[in-house]
Each structure stands twice: as C-alpha cells, then as structure tokens.
Amino acid sequence: ATPTAITVGIGRGAELGILIKDSKVFDVSENLKCMIFDKTGTITKGKPEVDEIVSKMPVNDLLMIAGSMEKDSEHPIGRAIVKRAQELNISFKNPKEFEVISGMGLKGTVDEKTVVIGNPSLIELNDIKIDEYYLKNISRLQENAKTVVVLAIDNRVEGLIAISDQIKENARNTIDELRELGIESYMITGDNEKTAKVIGKSVGISEKNIYSDVLPEKKAEIVKKIKESVEGYVEFIGDGINDAPALSTADVGIAVGSGTDIAIESGDVVLMKDDLKYVTGFVKLSKRVLKQIK
Ligand code: ADP
Ligand code: MG
373 ATPTAITVGI GRGAELGILI KDSKVFDVSE NLKCMIFDKT GTITKGKPEV DEIVSKMPVN
433 DLLMIAGSME KDSEHPIGRA IVKRAQELNI SFKNPKEFEV ISGMGLKGTV DEKTVVIGNP
493 SLIELNDIKI DEYYLKNISR LQENAKTVVV LAIDNRVEGL IAISDQIKEN ARNTIDELRE
553 LGIESYMITG DNEKTAKVIG KSVGISEKNI YSDVLPEKKA EIVKKIKESV EGYVEFIGDG
613 INDAPALSTA DVGIAVGSGT DIAIESGDVV LMKDDLKYVT GFVKLSKRVL KQIK
C-alpha cells in the first residue's frame, strides 16, 4: 500500500472508531485466511447471569458459601454469583486458605468447611466424584449453552449454578460475511466443550474450528498451531480477559471495545465500539487500502 492510501485508511478507520495502531494490518489483509474469536466477552456479551440453581441444599445457604468464595472475584462468572446472592440480601463470610485456580475456579475454607467452586474439570482434579444426578443436570444445562459452576463442600458435590451469557446480535452475520470474504472463523474458550459447541453452532463456526477447555496460558499456543496449519494470515479477536498473549501471537490482534487496558495495549487494532459489525468493517477497509482506497 502507498503511504497516502495508508494515511487515508487510518483516517477513515478513526472516524468509525477503528483505531489502527500498526500499518502491517493492510498487508495482512491481502492473504487473510482465518479469524479466531475468543468466546466470553467477544462472541458473547460477557455479562453472564445466574439462571438456574440445582441443589438439595437451601438456595440461600448455597449462595452464602458460593458468594463468600467469589466476593472478591474479578471473573464475570464470580460477579454473577455475587450479584444473585446480594439480590437475596445474603451476607458473606471471609474465606480462609483462599486460592484462585486460573481458568478453572477457586478453592478455600468457609465456616471450617473446605470449598471447591468451579468447572467440572476442577472438581474432578480434586478427586471429588460427581454423581449421576448432577452429571445429568450438567449435560442438560451445557446442551442449553449454559456454563455450569459446581460447588463442592467437604469433598461432596452440593449444587450446580448455571450461568448464561447472551450471544451478541451481530455475531452470526459477521461470521457469514467473513466467510463470503474467504475468511474462516475459529473460536477459543476456557469454557467446556458442550457449551462451546452449542454457541459455535448458533453463530456458524464449524465444529472442527472450536477449541474448548483451553487454559489461559494455552490460548496463544493454539493461535500458533492454527497459524502453522494455514497458508495465509491469521487474526485473533478478543476482549483481553485471559487473552493478551493470543492477541500478540496472531499476525494481527484485534481488541474489542469495552476491552481491558491490556487488550488495548496488545491489539494492533482496537475496535472502540462493542459491535462485531466493525470486524468486517475493518477487514473491508484494510483490503480497500491495498487497492489504494475506494
Ligand atoms: P473464557 O475463555 O470463556 O473467557 P476462562 O478461561 O476465564 O473462560 O474460564 C474458564 C472456565 O473456568 C469458566 O467457564 C468457568 O467454568 C471456570 N471459572 C473460572 N473462574 C471461575 C470463578 N471465579 N468461579 C467459578 N468458575 C470459574
Ligand atoms: Mg475471555
């Protein structure tokens, strides 16, 4: 691209709230083959809510323990649990021996009881058995696109908290439009396989392109693997929670609006508005720059 076309392109982007920080994005757009999406906060709104609790315990007791564990959590799932507990005026206690297991959940002690709260893998990792009743409910909820948080007290599963996060309005359209531009979409998430597949399917990402149960530090490795498997360039789009390394590993990293400061720093492009239509807007604009605009 000529310097003039680049300047015009950056200017047009800025008018739309597409901040282009590195002019390599124009060269990448010519042979762009893959768009890798983060799930939470990128394909989904990232504002999860508690919508079902499965337990034989009184709901208030369960939420007192879960909320006490999550009360200082910065994770959107933790915040959703705390919010529900607060709506019921439940007061929290201070957990002891508190530990965060990144991309999985939390461990600690509340009222002298050992508590493990997190995804089913974390429960299994702690050698806690999930019985038939809870396993069936986990499957049912995950097939309905919900993320299931399991609560275990003194090494026994005592309840499930189902969390749902809405898919963004333009997700499906954006992925369809990218396909028309010859760009295949992928999804990487720390969430479980079933939930990831249901969400992937509803936005039109093929099952083979979905990577689930990915721990935060592994996201960049998968981006690298995809990069090596295609002839052409790969872009990653994320909101920055757990995905700054992935943003910088891709040929181009796109940080989405309302993203964290880290994402904005790691991204080569920042989409100021939290609307996925600007993803195709950006791709089309960068291709036009190569054709010297218009
Ligand atoms: P994503 O890639 O979808 O943003 P994360 O890597 O942040 O997801 O987390 C992966 C999974 O770990 C979540 O779907 C959830 O099941 C579990 N998890 C993470 N943090 C917590 C927490 N504070 N409380 C309960 N579960 C959690
Ligand atoms: Mg995320």
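Following UniProt numbering, the numbering of the sequence shown begins with 373 at its first residue and continues without gaps.
Where is the CB? At the ideal position from N, CA and C, for every residue including glycine.
Check	Outcome
Would you kindly report the start and end of the unbroken alpha helix (DSSP H) that includes ILE495?	492-497
Going straight from the alpha carbon of ILE378 to that of VAL651, what length do you get?	18 Å
Quick check: what's the CA-CA separation for ILE613 versus ILE473?	15 Å
Using 8 Å for Cβ pairs, my map puts ASP640 next to VAL624. What's the rounded Cβ distance?	5 Å
Unbroken alpha helix (DSSP H) runs of length 4 or more, entirely within the segment 411-445: which are they?	431-442
Excluding five sequence neighbours on each side, which residues of the same chain lie with their C-beta closer than 6 Å to the C-beta of ARG407?	According to the sequence shown, residue 407 is Met rather than Arg. So the qualifying residues of the chain are LEU550, ILE555, SER557, GLU607.
Quick one: what's ARG528 bridged to in DSSP?	ILE525
Candidates ASN466, GLU469, LYS468, SER440: which alpha carbon is nearest LYS455's?	SER440
Just to check, is the beta-carbon of VAL454 closer than 7 Å to a non-hydrogen atom of the ligand ADP?	no
Mapping the DSSP letters down to three states, classify LYS540 as helix, strand or coil.	coil
Closer than 7 Å to a non-hydrogen atom of the ligand ADP - does that hold for the CB of ASP394?	no
Identify whether SER557 lies in helix, strand or coil by the three-state DSSP scheme.	strand
Enumerate in chain order the residues of its own chain whose CB-to-CB distance from ASP394 is below 7 Å, with the five nearest sequence positions on each side excluded.	ASP640
If you count every other CB in all the chains shown that lies within 10 Å of the CB of ASP537, and 16 or more means buried, which is it?	buried
Please work out which residues of its chain come closer than 7 Å, Cβ to Cβ, to ILE449, disregarding the five sequence neighbours upstream and downstream, and give them in chain order.	PRO420, THR519, VAL521, ILE535
Using a Cβ-Cβ cutoff of less than 6 Å, which residues in the same chain neighbour GLU442 once the five nearest sequence positions on both sides are dropped?	GLY450, ILE453, VAL454
Using CA coordinates, which residue listed in SER620, VAL426, ASP433 is at the minimum distance from ARG512?	VAL426
Quick one: does the C-beta of VAL595 sit closer than 7 Å to a heavy atom of the ligand ADP?	no
So if DSSP puts LYS485 in a beta bridge, which residue, or which two residues, is it bridged to?	VAL482
Does ILE453 come out as helix, strand or coil in the three-state DSSP assignment?	helix
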